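Here is the structure we will look at, set down as C-alpha cells.
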Amino acid sequence: MKNDNSLAWQSLALWRGDRCLQINLNGSLSAGQAITLRGPNGCGKTTLIRTLCGLSETTEGEVLWNGTPIRGQRSVFYAALAYGGHRAGSKDELTARENLRFAAEFAGTDGELDTLIPALALSVCADLPVGSLSAGQRRRVTLARVLGSGKPLWVLDEPFTNLDKAGRHWLAQRFNAHLSAGGMLLIAAHQDTGIDPAREQIIELSGEPARAELTAGARAS
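Quick note on numbering: our numbering labels position 189 of the sequence shown as 336, and the sequence is numbered without any gaps.
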C-alpha cells in the first residue's frame, strides 16, 4: 500500500442551512495515522466527514489530497477512498452477500468475505436482500464493504455502533492492522476506539462554532 498519501484541510467552515457549525477548521492526516472526531450531537461531525470526502461542498476553505485540492482531482481521490456513512448504502434488491461479493471482486479482495461476514455478525442475514435488513445490519454491511475495499483511506461515521464488545475489539484490531500497513483512517466515534494511541489523533468539536481542538496521540477522558 502506498505509504506517502496525505489528506489535509485548511480554514474550513461548516454550515447546516443558515447555521454555522464550525469555523476555521485545519488539520491533516498522513499514511499510518487515524483521526477520531468527537463532540456533542449536532456539532458537525458528519458534516465534516462528508466535506472531507467531497460529498458536501464548502464555500470557505479547501480540502487537499496529496497536496492538491480534491475538487480538481475527484477521480483520483475517490479511487483511494472507501466511505461508510449513515447513508452509504448497498443495492436493496441484492443480498448482503451479493453486495459484498460485487464490491470485493471489484477491489480484488474476494477472499475477505469468509472473514468479514461472520466477524460482523452478518451470517444470519447474509443471504437476505439488503432492503429487508434492520438499520444496524445495513450499517454492518457498509462497514464490511469498507474493510474489504483494499483502499488506503477509510472514512466511517460511528463504525462501532451496533457492535458488541467482541465485535468492537475485532474492529479495533482491523483498524490497527490497516494503519500498520500504511492505511489511513478517519472516523467519528463517541467511545474509546482501541486504536493505537501513537497513531490516533482526536479532534474535539465543540457545540459552538469555534476552532476545533486537536489532541495528537491522546484520548479524551
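Where is the CB? At the ideal position from N, CA and C, for every residue including glycine. Just so you know, these numbers come straight off a predicted model, no measurement behind them.
With 16 other Cβ atoms within 10 Å as the buried cut-off, status of residue i
| i | result |
| --- | --- |
| phenylalanine 307 | buried |
| lysine 192 | buried |
| aspartate 304 | buried |
| glutamine 284 | buried |
| asparagine 323 | buried |
| serine 296 | buried |
| threonine 206 | exposed |
| glutamate 188 | The sequence shown places asparagine at residue 188, rather than the glutamate named in the question. That one is exposed. |
| threonine 215 | exposed |
| alanine 336 | buried |
| arginine 346 | buried |
| glutamine 348 | buried |
Residue i (DSSP reduced to helix, strand or coil)
| i | result |
| --- | --- |
| aspartate 261 | helix |
| threonine 205 | coil |
| isoleucine 182 | strand |
| glycine 174 | strand |
| threonine 340 | coil |
| glycine 219 | helix |
| alanine 229 | strand |
| leucine 195 | helix |
| serine 368 | Because the pLDDT of serine 368 is 35, which lies under 50, any placement of that residue in the model is unreliable, and the number read from its coordinates should be weighed accordingly. Three-state result, serine 368: coil. |
Anticipated Cβ contact below 8 Å, residue i with residue j, distance rounded
| i | j | result |
| --- | --- | --- |
| lysine 312 | leucine 228 | Not quite, the Cβ-Cβ distance comes to about 29 Å (not below 8 Å), so this is no contact. |
| phenylalanine 224 | glycine 201 | 6 Å |
| serine 271 | aspartate 239 | According to the sequence displayed, residue 271 carries valine and not serine. Wrong, their Cβ atoms sit about 18 Å apart, outside the cutoff. |
| serine 196 | leucine 333 | Note on identity: in this sequence residue 196 is isoleucine, with serine being the wrong assignment. Right, the Cβ-Cβ distance comes to about 7 Å (below 8 Å), so this counts as a contact. |
| glycine 186 | leucine 352 | 3 Å |
| glycine 159 | glycine 208 | Per the sequence shown, the amino acid found at residue 159 is leucine instead of glycine. That pair is a contact at about 4 Å. |
| leucine 199 | tryptophan 156 | 6 Å |
Extract the residue ranges of the beta strand (DSSP E) inside the region 242–327, only unbroken runs of 3 or more that lie entirely within it.
300–304
Are there three or more Cβ pairs, one per stretch, closer than 8 Å when the region 164–173 is compared with the region 274–294?
no
Touching by the beta-carbon criterion (3+ pairs, under 8 Å), the region 241–252 and the region 260–274
yes
Tell me whether the region 340–354 and the region 180–188 touch, counting them as touching only if at least three CB pairs, one residue from each stretch, are closer than 8 Å.
yes
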